[in-house]
Every structure is written in C-alpha cells, then in structure tokens.
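Protein chains in written order, with UniProt numbering: chain A, 1 to 159; chain B, 1 to 159; chain C, 1 to 159; chain D, 1 to 159.
Number of protein chains: 4
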Amino acid sequence: MAGETIITVVGNLTADPELRFTPSGAAVANFTVASTPRMFDKNANEWKDGEALFMRCSIWRQAAENVAESLQKGARVVVTGRLKQRSYETKEGEKRTVVELDAEEIGPSLKYATAKVTRASRGSSGFGGNSGGGGGGQSEDPWGSAPSAGGGFSDEPPF
Amino acid sequence: MAGETIITVVGNLTADPELRFTPSGAAVANFTVASTPRMFDKNANEWKDGEALFMRCSIWRQAAENVAESLQKGARVVVTGRLKQRSYETKEGEKRTVVELDAEEIGPSLKYATAKVTRASRGSSGFGGNSGGGGGGQSEDPWGSAPSAGGGFSDEPPF
Amino acid sequence: MAGETIITVVGNLTADPELRFTPSGAAVANFTVASTPRMFDKNANEWKDGEALFMRCSIWRQAAENVAESLQKGARVVVTGRLKQRSYETKEGEKRTVVELDAEEIGPSLKYATAKVTRASRGSSGFGGNSGGGGGGQSEDPWGSAPSAGGGFSDEPPF
Amino acid sequence: MAGETIITVVGNLTADPELRFTPSGAAVANFTVASTPRMFDKNANEWKDGEALFMRCSIWRQAAENVAESLQKGARVVVTGRLKQRSYETKEGEKRTVVELDAEEIGPSLKYATAKVTRASRGSSGFGGNSGGGGGGQSEDPWGSAPSAGGGFSDEPPF
DNA sequence: TTTT
DNA sequence: TTTT
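Given below as structure tokens:
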C-alpha cells in the first residue's frame, strides 16, 4: 500500500473496547479514543483543555484480543494506523459517512501510570495496568523498586 | 509550541532503557527503538524485512520512571513526540549532530503480546508484560480467558 | 498547544476552494482533499486504487487567500495541520459531527507537475500551475530547461 | 510496504536543490529543509524561535526535476515521506550514519507567499513563486484579483 | 545551514 | 463520550 493517510492519536478510551468476530473467525475490537488537546491561556496564565477529538478506532486479530483483555474505559493509549472513511445507511435510509482509524498498533500510555512494579513481579505479571479510572493497589516492594539510575545526569553524546 | 516536527515510531527496544536524573532531580530515560519496515517482494512473492531505522529516544518525568520500570530490551513500543537535533563534540573535538525523538508518549505495543491475563489478575496486576524477546510465563487461567465476544460480526454503523 | 492530533493528507481538490471572511475580516478558505491510496494487488499483479478519503479542510489568513488564488479543482496538494471535530445541527434539528483538518500549511504537490519553467520565467512568474486535471500550455523554453545536473550519480555522504 | 516511519517536515531550503541522475538515468534531487519551531515565551510574553531541525531530503523521478526547476534556497516547503537511515564511510574510514527523509511528496508552502496572481495569468503562468527571499514583482491586476468571497462568514455545516 |  |  502507498499513499494512505497515517495518523497517531493519543487519548483515553471513552468506554470498554467491544470485541467481535467475523464469520471466518477473525477478531476485531472497536473503541473510541478521546483526545483532548491542552492550550496555554495567556490571559489566565494557565493550561486549559481544548475541545476533545473523539476518534472511532478498530483493530484486528491478536491485537484486538489483547486490547479487549487489557484495556478498559478511561485507559490512556497511543494508537497509530490509517485514517479511513466508511459509508453506511441509517435505518431511515440516509447515507452517512464516518471517519475511523484502522489501527495498526496500540499501546497503553506510560505517561501517567503510577503503578509501581515490584522486582518480584517483573517478568511474571508485568506492568501493572493503565486503566485511567481504576488504578488498583499494587503490592509493596520489599526491595525498593527505585530506578537503579546511578550517576548524575550529563549532556554527553547519545551512543 | 508550534511548527515542531511530530513523529511516531513503532519498533523494538535495542536494549534496556537507561534512567538518569538531572541535578534538579528530574527523571529522564534514554533508549533506542529499532523500527523495521516490511516490504512485499513481488518476485519472491513474500514479505521481507527492509532496513531498520534506529531511533534514539528520550522521555521525561513520570513517563521516564515508568519506562524504566516496565520496558526491557526487545519490547515492542509505539512512541510519539518531537524530532530534534542535538549537537555535541567528540573527544577528538569534532562537531557532530544526532537526530533524536523527544518522546511525549509511549506505550508497549499490544500487537503481538500473547500474554493471557486471568480474570483474577484484571484490575490488580494488569497487563502481563510485552518484552518482544522474553515473554515470561503467565499463570494458567482457570476460567478460560477467551474473549467474551458473543454475537456475530456485522458491518453496522459505529455508534 | 500540546496534544493535538497532527495529520498530513496528500491528494486532489474535489472542487475550487471557497474563500470567505469572518465579520472581523479574517480570510478562511474551505476545500476538500480526496486522498486515494494505492495498493498492490498480488493476484492481478498490478497497482489498484483503494477507497478515497475525503478530508474537509480549512485554512486561515494569508494562506487562505493564496489557496484561493492559486489552487483549483483537481490540484494535487500536501496539507498538514490539526484534526478537529465540529458539531452542528441539521435543519431537522439533528446533531451531527464532522471531522475536519484545520490546516497549518499547504503546498501544491510537485510530484506530477509537468510544467516546464523557462529560465526567463524563473523569479518572475514562477511555477506553472499544478491543476491535477488541467495542465495548461506552458511557453516554449528557448534555452532548454533541462536540469543542469552534471556529473554522474554516486552514493557519497550527504553533506 | 508496511511499518515505515512516515514523517512530514515544514521549513525552508537551506540551499538550492542539487539534481543528479543515476547511471540508469533516474533523476534524484537532494536538499536540506530547516524546520524552525516557534515557542511562546511566557516571561517575555512573545513568540521566539526554537532550535532548528535540519532535515536532509531526497526525492526521485519527475518530482526531482520539478523540485530542481521550481524551488530555490529559502523556499518554504511541506515535505512528506519515509524516514531512513543511511550508512557511509568517511574518507578516514569511519562508519557514520545519517537520518534522511526519502520524500514522497513536496509542495511549496502557500502560507506566507504574497504573490498576487492576475486573472490573466491564471492557467498560463500559474502561481507566482515561493522563493523565501525573493518575492518578485507581480504585474497589476486590471480586473481586481480580490477573492470573490461574498457574503459574511457563518459557522454553517461544511457540505 | 533556512524563514516569518 | 474520556483523562491529568
């Protein structure tokens, strides 16, 4: 393919994803991402929310199943794929058109997630969720899950 | 800001992220994403890997800590942010320039993740890792983690 | 602003741009870009058109005037800006929502333009149109407008 | 192809494009785009230039010839294509790597161009150039080239 | 190394 | 119709 309109949307799920299957058994998940831009209000001297973009998305196969399993209403995600237009007819026989994102890849955003993962859980249960609403108590980390970091920051070359 | 060059990269971490702190205590994580395009070879009639793009990335604050905690070498990610150029001098005094992605958001890709999440773990331990290479044994799901799906697929309007 | 959904669309104008002015005198041009992806049909062993995306666009100020002056139905363009959603009510009182591209920059594509520019015209009349369908007779170039090129191609470093 | 890193850069040519030909006769144009972000300085309460990104670009075939013909140093452009990395060896035998934009489409930006096009020139000489520095006197427009606009602005539905 |  |  060439010449598609590629787009990346960052935002929160407006509801739990819906998982369906085609007659031939292929999984497809549908969900809507609310993307809210922030703008700096010079007068109020503060950040304010702009108007949200609600982008309907669909994703296929294994990714669809993973999305349905691991994402819930409120989850913040990064989604990328092709912008498409779909035509359909209303019950009244009117023709309508919707813009959708045919997602190629999606991931739960790590921007605000605060879940601390214990060293013990690393490699077994993995990253502790990203549900915007929920959260969910993480167990204590007896070894201290602080980043191993080490050393001060310096502005040295990157490789 | 306006007029930045926004970019989204999808690929796998070439190594574990490195977490550092600025003198003032702000966290920054650095990592490289290898993005390998696939192209259809008409002659061989099969998909082949193109040449990988290795994109150096940095991410700040809470996201940096989350990245360091939850992503490892091999993890497939979706990263979006601003493309930047950074100048530095080699030890020999030569001036060089590197292109980097100043990441705004990142998420572990759900495309190939096969980790099944038990119903029990939903809401507590969350999504079970995404390390491209690794994996890591997931616990059995006694209730069957099959998508609740239900209903046949149809091509109906999206809302 | 931060967190907007940035998008680039490449395609052809479905009609001449419409230029309007706000009460305060600001110019705004509206137009629709038809973006047609191409996909390789493995069976037919040839490229075929995919389904077009029709993206409604608006652009402001000087750019709006330039667009109205220099672009016509059929012109191929590269447009980039923010994806937005706009709500409105139909005459029947129904609420509808449309996705639009609030364009920041636009340029007539140089991909297929065949207009030859005479050396004489360089710097005065400039580039000779870009109407996808039309074309339009260009004047002869008495000196030969062939690229000065020179030298064979080599794969040397880029700077 | 799938999984490429698509990117759009907006900025000004740092020099005239260089046109070359492969041994087999294919045209390729090389040029660098300087993309300068603008950021609002809250303290100074004014817009300031950020640090420029200098993106090396190449474009092929007809587009290459058109670029060489119609764009000059300083021209503002919108370029979109695939981000690539190219390896080469310095004369000293060192291996280096550069990031480049393999451009698919490019157009001279209509954002700031002020050239007025007479009705007479429409369809013959076309749009009056976009050379950042130049400008170039346009002839008078005897019929008045004012946008036909008409009617006040209203916020009505887009189709 | 460019531009408003 | 979501989130910090």
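Idealized CB from N, CA, C, for every residue including glycine. Computed from a predicted structure; not experimentally measured.
Less than 8 angstroms between the CB atoms is what I'm expecting for residue i and residue j, so what's the real figure, rounded?
i: Ala44 (chain B); j: Val79 (chain B); result: With a Cβ gap of about 31 angstroms, Ala44 (chain B) and Val79 (chain B) do not count as contacting.
i: Glu100 (chain C); j: Cys57 (chain C); result: 7 angstroms
i: Ala27 (chain D); j: Arg61 (chain D); result: 6 angstroms
i: Ala29 (chain C); j: Val67 (chain C); result: 5 angstroms
i: Ser70 (chain C); j: Leu110 (chain D); result: 7 angstroms
i: Pro108 (chain C); j: Pro23 (chain D); result: In fact, because the Cβ distance is near 31 angstroms, the residues do not count as touching under 8 angstroms.
i: Ile7 (chain A); j: Ile7 (chain C); result: 5 angstroms
Could you work out which residues of chain A lie near residue i, taking near to mean beta carbons separated by less than 7 angstroms?
i: Ser110 (chain B); result: As written in the sequence, residue 110 (chain B) is Leu, which differs from the Ser given in the question. In chain order: Ala63, Asn66, Val67, Ser70, Ile106 and Gly107.
Output, in chain order, the set of chain C residues within a Cβ distance shorter than 8 angstroms of residue i.
i: Ile59 (chain B); result: Within chain C, no residue comes near Ile59 (chain B); the closest Cβ sits about 15 angstroms away, beyond 8 angstroms.
Thinking just about the alpha-carbon of each residue, which of the options is nearest to the one in residue i?
i: Met55 (chain D); options: B:Ala113, B:Glu89, B:Leu110 and B:Glu4; result: B:Glu4
i: Phe21 (chain B); options: B:Ala63, B:Pro37, B:Ile6 and B:Thr36; result: B:Ala63
i: Thr14 (chain D); options: D:Val28, D:Val33, D:Ala29 and D:Gly25; result: D:Val33
i: Phe31 (chain A); options: A:Arg82, A:Leu110 and A:Asn12; result: A:Asn12
i: Gln85 (chain B); options: B:Ala52, B:Glu92 and B:Arg96; result: B:Arg96
i: Thr36 (chain B); options: B:Asp49, B:Ser24 and B:Lys42; result: B:Asp49
i: Asp16 (chain B); options: B:Thr8, B:Ala75, B:Glu89 and B:Gly93; result: B:Ala75
i: Asp41 (chain C); options: D:Met1, D:Ile6 and D:Lys73; result: D:Met1
i: Glu18 (chain B); options: B:Met39, B:Thr8 and B:Lys73; result: B:Lys73
i: Val9 (chain D); options: D:Ala52, D:Trp47 and D:Glu46; result: D:Ala52
i: Ala113 (chain D); options: C:Glu94, C:Val98, C:Ala113 and C:Glu65; result: C:Glu65
Against chain A, with Cβ distances strictly below 8 angstroms, would residue i count as a contact?
i: Phe54 (chain D); result: no
i: Ala113 (chain B); result: yes
Does any residue of chain D bring its CB to less than 8 angstroms from the CB of residue i?
i: Thr14 (chain C); result: no
i: Ala2 (chain B); result: yes
i: Asp102 (chain A); result: no
What residues match up with residue i in a beta bridge as DSSP calls it?
i: Ser35 (chain C); result: C:Leu53
i: Pro108 (chain A); result: A:Val77
i: Val101 (chain A); result: Reading the sequence as shown, one finds Leu at residue 101 (chain A) and not Val. Beta-bridge pairing links Leu101 (chain A) to A:Cys57 and A:Leu83.
i: Asn12 (chain A); result: A:Ala34 and A:Arg76
i: Glu92 (chain A); result: Answer by DSSP bridge pairing: none, since Glu92 (chain A) is not bridged.
i: Ala113 (chain B); result: Looking at the DSSP assignment, Ala113 (chain B) forms no beta bridge with any residue, so it has no partner.
i: Ala29 (chain D); result: D:Leu19 and D:Ile59
i: Glu46 (chain C); result: C:Asp41
i: Ala2 (chain C); result: A:Arg38
Anything in chain B within Cβ reach of residue i, meaning under 8 angstroms, just list it in chain order.
i: Thr80 (chain A); result: Thr8, Val10, Val78 and Thr80
Checking contacts by CB at 8 angstroms: is residue i closer than that to chain C?
i: Ala44 (chain A); result: no
i: Lys48 (chain A); result: no
i: Glu140 (chain B); result: Unreliable positioning characterises Glu140 (chain B) in this predicted model, as indicated by a pLDDT of 29, which lies under 50. A coordinate reading is not provided.
i: Glu51 (chain D); result: no
Between residue i and chain B, is there a C-beta pair that is closer than 8 angstroms?
i: Phe31 (chain C); result: no
i: Phe40 (chain C); result: yes
i: Lys95 (chain D); result: no
Can you pull the chain B residues whose beta carbon is under 7 angstroms from the beta carbon of residue i, in chain order?
i: Val28 (chain D); result: Here the premise fails: no neighbours, minimum Cβ distance about 18 angstroms.
Whose Cβ in chain C lies nearer than 7 angstroms to the Cβ of residue i?
i: Lys91 (chain A); result: Correct list: empty, because the minimum Cβ distance to chain C is about 13 angstroms.
Cβ closer than 9 angstroms: which chain A residues qualify as neighbours of residue i?
i: residue 224 (chain C); result: Any question about residue 224 (chain C) goes unanswered here, given that chain C covers just 1 to 159.
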